[in-house]
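> Here you go, one structure.
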Amino acid sequence: MELDALKAFVAHHDNYEIRVIGSAGSRFYQVELEDVEGQRHLLTRRGKPVLFRSLDDVYLELRRAGIHRAYLVQQVPHDEVVGRETHYQDPLTSRMPLVF
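Shown next as structure tokens:
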């Protein structure tokens, strides 16, 4: 989902969740929107997923889109190493609220 489409979506809908996805092994973050139907959309620029270098960069971009709440979801490689499924796809068990 392009940033302009995200702004338009947020302006007309109120039942969605924004997730900031980070990996423990990386310093980059991606933004994902899950709509009321459960469809997930990564934030893109010119059709390619946007990678942010810091949470501050994420906050600035989301504020520009009119968003003030999101959830930080950390991918933890430990789960994969010991043979468990990763929990970042299950937002209720692995998310931390962000307010900015």
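Here the sequence shown stands for residues 1 to 100, numbered as in full-length UniProt numbering. Here a beta-carbon is modelled for each residue, glycine too, at the ideal position from N, C-alpha and C.
Looking only at C-alpha atoms, which of Leu60, Tyr16, Arg64 sits nearest to Gln39?
Checked all of Leu60, Tyr16, Arg64; the closest Cα to Gln39 is Tyr16.
> Assign Leu60 to buried or exposed, taking buried as 16 or more other Cβ atoms, counted over all protein chains shown, within 10 Å of its Cβ.
exposed
> Buried or exposed: where does Gly66 fall if 16 or more other Cβ atoms within 10 Å of its Cβ makes it buried?
exposed
> Mapping DSSP to helix, strand and coil, what is Arg63?
Correct three-state label for Arg63: helix.
> How big is the Cα-Cα spacing for Leu43 and Arg95?
18 Å
> Counting C-beta neighbours from all protein chains within 10 Å, is the total for Arg53 16 or more, i.e. buried, or is it exposed?
exposed
> Taking 9 Å as the threshold (C-beta atoms), are Leu55 and Val10 in contact?
The Cβ atoms of Val10 and Leu55 do not sit closer than 9 Å to each other.
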